[in-house]
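**Q** Sharing a structure, written as structure tokens. Questions coming.
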Amino acid sequence: MIVMEISLAALDAELKWMFIPGGQVLFRENEVADSLYVVLTGCLGVIVRDNNGRDMLIARIAAGETVGEMGLLDGGARSATVEALRDTELLKLDKASYEDLLVHHPKSMRALISLLVRRLRNTTRSATTMMPVRTVAVVPLGLEVDHRKIAQDLHNKLVSDGERAMMLDSTSGGRSTAWFNAAEAINDLILYCAEPTNQQWTSFCLRQADRVLLVASSTTSVAIPPWLADQIQPLRRPADLVLLHDNRLNGQRALEHWRSLLSVDLICQVRTANANDIARLARFLRGKAVTLVLSAGGARGFAHLGVVRALREAHVPIDLIGGCSMGSIVGAAVALEWDDAEIKKRLRNSFVNKNPVNDYTLPFLSLIKGRKVARLLEQNFGGLRIEELWRPFFCVSTNLTTGTLAVHRDGALVDALHASISIPGLLPPVIMGGDVHVDGGVMNWLPVDVPGAKRGTIIAVDVASDPALVSFEECNRVQAWRFLGRRRKFPPIVAVLLRAATVSGDSLTKMAHAHADILFKPPLESVDLLDWQACDQAIETGYRHAVEKLEQLGKPVASCTRGIQRE
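586 is the number that the numbering used here gives the last residue of the sequence shown; the numbers go up by one with no jumps.
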């Protein structure tokens, strides 16, 4: 920091103290850059306009950091708007004073260049990395919502895990800025409980918050309360929705409407007297959640069941689940909290006892009608929305219309899973929102880099990158025409299409593996992509591999599970 290089005596005459309340703009984009600022307390937000003309928060400037130095160096205009996200104290250094310091204290230039290098390095890091959360506003979306109970349960959980936490309500409204700054400095997390009948305190809570928890009930009317509407719409903090309800998954259509009203990262289900749900919510807030991402891989996907079994036995929590193709089906089952026996029973019945990819048809759109696949998905997941699953879930498909990867975090679960497993050429494409979707493996068979997936540790399971089609003998073109009559093993078109949908280059595989904190890669070369009868073999291979890997990892896995309720 510049202050460390310049003597305090020289700065004393040049720096000017400032205070700006949360929500006030410090400077706007395209204004003349005439000063730099050092944040003493509070937090600033850097805001730019996106292609749709909407303001987007791209960075936060915390206490001890500077802002405005880039424009001051080149003498140009501000490249972004900066406003106070919270009540903030600053030290201001104007251009004339800055140039005087450069003449008399040239070493300060070295510190400034170092700062810019660090900033540039930070901008190249993954955008999925969650920023540290020190303050949380807990805000009810209805007068009948008991948000204080959620805040108290979170506080108790954090304290029992050995963290320093404090819960504040409107009785603290008369405290000074210095008092709140001191409280935040000595605690790991502050929970600010908003108050529907005290808008001034609620505004203060939102200004202070690094993240907002919006709390609703499954019986709450789907509407933003009038007392909150003006403050929620311009909210530039990341937010999650906590939905309180009983222990039955009752298909509340409210979830669909909440998504249309609020911009939230996650929908977190919290059931009455369920300690695991509170523990999961606490991990999300502290950036210590565990995300499990399951790859594509056809019949090899049964190995996912073995890995999940090993993780459960080791009491490693699974907080957020993502998947592609076969991994998306297993992931949805995990998100529904089916136990190991139920997942195995359902998948065995759907894929082993009833091969879903043998209803062949004339290949106008695909080799297979896809009716059996649609029927099995409807039998197991029909009527559910992704938002209704007990644990946050996403899956991916390939949007052929736009040529992009589609990430499904809400909407009908059957539609999303159907799109994720629709191997092009083998199964008919799925039409969603007027666009054509096929298997997500075409673009990303192990979606560990999906934005929003990084809320702590990422565990990835790769069952797709082992060599496939290795059991088939080489043959020339003539032999290819005669392979049926000679009983020669030769890759059928179904297996070729399945492999084509999940194959990737070395660079893409390495990139996917690099995003994972813990990678499981069971040895599955002996399991053909369409050998559904190898179900038990794949499960056992995945289980044994995961057990051995967990034993090797030891301390890294223990650090993920420390202080976590057994699930």
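For glycine and all other residues, C-beta sits at the position ideal for the given N, C-alpha and C.
Computed from a prediction, not measured in an experiment: that's the story for all the values here.
Using only alpha-carbon positions, find the residue among Ile-558, Ile-205, Phe-303 and Asp-265 that is nearest to Val-231.
**A** Taking the first residue of the sequence shown as 1, we reach residue 231 at position 212. Cα-wise, what sits closest to Val-231 is Phe-303.
**Q** Using a Cβ-Cβ cut-off of 7 Å (strictly less than) and excluding sequence neighbours within five positions of Asp-454, which residues of its own chain qualify?
**A** Mapped onto the sequence shown, residue 454 falls at position 435. Here the set comprises Asn-418, Thr-420 and Thr-421.
**Q** Given this structure, state the Cα-to-Cα distance separating Arg-105 from Ala-479, to the nearest angstrom.
**A** As a first step, residue 105 must be located in the sequence shown, where it is residue number 86. As a first step, residue 479 must be located in the sequence shown, where it is residue number 460. The alpha-carbon atoms of Arg-105 and Ala-479 are separated by roughly 37 Å.
**Q** Measuring CB atoms only, is the stretch 232-241 touching the stretch 185-195, in the sense that at least three cross pairs come out at less than 8 Å?
**A** Result no; under three Cβ-Cβ pairs closer than 8 Å.
**Q** Closest to Pro-443 by C-alpha separation, out of Met-462, Val-566, Leu-432 and Lys-307, would be which residue?
**A** Against the sequence shown, residue 443 aligns to sequence position 424. Nearest of Met-462, Val-566, Leu-432 and Lys-307 to Pro-443, Cα basis: Met-462.
**Q** With DSSP run on the structure shown, which of helix, strand or coil describes Ile-205?
**A** Looking up residue 205 in the sequence shown gives position 186. The answer is coil: DSSP assigns Ile-205 none of H, G, I, E or B.
**Q** How many Å lie between Leu-41 and Ala-308 at the Cα?
**A** Looking up residue 41 in the sequence shown gives position 22. Looking up residue 308 in the sequence shown gives position 289. Per the sequence shown, residue 41 should be read as Gly rather than Leu. Cα-Cα distance, rounded: 29 Å.
**Q** Could you please give me the residues that DSSP links to Asn-418 through a beta bridge?
**A** The sequence position of residue 418 within the sequence shown is 399, counting from 1. In the DSSP output, where bridge partners are listed per residue, Asn-418 has Thr-423 and His-456.
**Q** May I have the straight-line CA-CA distance separating Arg-319 from Leu-543, to the nearest angstrom?
**A** Here residue 319 is taken as the residue at index 300 of the sequence shown, counted from 1. Here residue 543 is taken as the residue at index 524 of the sequence shown, counted from 1. Those two C-alpha atoms are separated by around 7 Å.
**Q** For Val-122, count neighbouring C-beta atoms within 10 Å of its own C-beta (all shown protein chains included) and say buried if the count is 16 or more, exposed if not.
**A** Looking up residue 122 in the sequence shown gives position 103. Exposed: under 16 other Cβ atoms inside 10 Å.
**Q** Buried or exposed: where does Ser-282 fall if 16 or more other Cβ atoms within 10 Å of its Cβ makes it buried?
**A** Walking along the sequence shown from the start, residue 282 turns up at place 263. By the neighbour-count rule (16 or more Cβ atoms within 10 Å), Ser-282 is not buried but exposed.
**Q** Short of 8 Å in beta carbon distance, which residues of its chain neighbour Val-327, apart from the five on each side in sequence? Order them along the chain.
**A** As a working mapping, residue 327 is identified with position 308 in the sequence shown. If we look at Val-327 and ignore the five residues flanking it on each side, its Cβ neighbours are Leu-311, Ile-337, Val-349, Val-353, Asp-359 and Ile-362.
**Q** What distance in whole Å lies between the Cβ atoms of Arg-167 and Cys-212, which are believed to be in contact at a cut-off of 8 Å?
**A** As a position in the sequence shown, residue 212 is number 193, starting the count at 1. As a position in the sequence shown, residue 167 is number 148, starting the count at 1. Indeed, because the Cβ distance is near 6 Å, the residues count as touching under 8 Å.
**Q** To the nearest angstrom, how far is the alpha carbon of Gly-475 from that of Val-152?
**A** Stepping through the sequence shown from its first residue, residue 475 is reached at position 456. Stepping through the sequence shown from its first residue, residue 152 is reached at position 133. Going by the C-alpha atoms only, they are around 12 Å apart.
**Q** For Arg-144, name the three-state secondary structure that DSSP assigns.
**A** Residue numbering aside, residue 144 sits at position 125 when the sequence shown is read from its first letter. With a pLDDT of 42 at Arg-144, under the threshold of 50, the predicted position of this residue should be treated as unreliable, and no value is reported.
**Q** Of the residues Leu-55, Cys-554 and Val-392, which one's Cα is nearest the Cα of Lys-114?
**A** By 1-based counting over the sequence shown, the position of residue 114 is 95. Closest option to Lys-114, Cα to Cα, is Leu-55.
**Q** May I ask you to report which of helix, strand or coil DSSP gives Ile-440?
**A** For the purposes of this step, residue 440 is taken as residue 421 along the sequence shown, with counting starting at 1. DSSP places Ile-440 in coil when its eight states are reduced to three.
**Q** If you count every other CB in all the chains shown that lies within 10 Å of the CB of Lys-540, and 16 or more means buried, which is it?
**A** By one-based count along the sequence shown, residue 540 stands at place 521. With 16 or more other Cβ atoms within 10 Å, it is buried.
**Q** Go ahead and label Met-75 buried or exposed: buried means 16 or more other beta carbons lie within 10 angstroms of its beta carbon, across all protein chains shown.
**A** Translated into the one-based positions of the sequence shown, residue 75 becomes position 56. By the 10 Å Cβ count, Met-75 comes out exposed.
**Q** Could you check which residue in Gly-193, Asn-206, Ala-52 and Thr-190 has the C-alpha nearest to that of Leu-182?
**A** Within the sequence shown, numbered from 1, the residue matching residue 182 stands at position 163. According to the sequence provided, residue 182 is Glu. The question's Leu does not apply to it. When only C-alpha atoms are compared, the closest one is Asn-206.
**Q** Do you know how far the Cα of Glu-33 is from the Cα of Ser-179?
**A** Counted from its first residue, the sequence shown places residue 179 at position 160. Counted from its first residue, the sequence shown places residue 33 at position 14. Cα to Cα, Ser-179 sits roughly 47 Å from Glu-33.
**Q** Is Ile-286 buried or exposed, if buried means 16 or more other CB atoms sit within 10 Å of its CB?
**A** Within the sequence shown, the letter at position 267 stands for residue 286. Buried, by the Cβ-count rule.
**Q** Answer yes or no: the CB of Cys-343 versus the heavy atoms of the ligand MG, is any distance below 6 Å?
**A** The ligand MG is absent from the structure shown, which contains no ligand whatsoever.
**Q** Tell me, please, which residues DSSP counts as bridged to Ser-236.
**A** If you number the sequence shown from 1, residue 236 lands on position 217. The partner list for Ser-236 (beta bridge, DSSP) reads Leu-263.
**Q** Determine whether the beta carbon atoms of Ala-329 and Val-158 lie at a separation below 7 Å.
**A** Here residue 329 refers to the residue found at position 310 when the sequence shown is read from its first residue. Here residue 158 refers to the residue found at position 139 when the sequence shown is read from its first residue. No. Outside cutoff.
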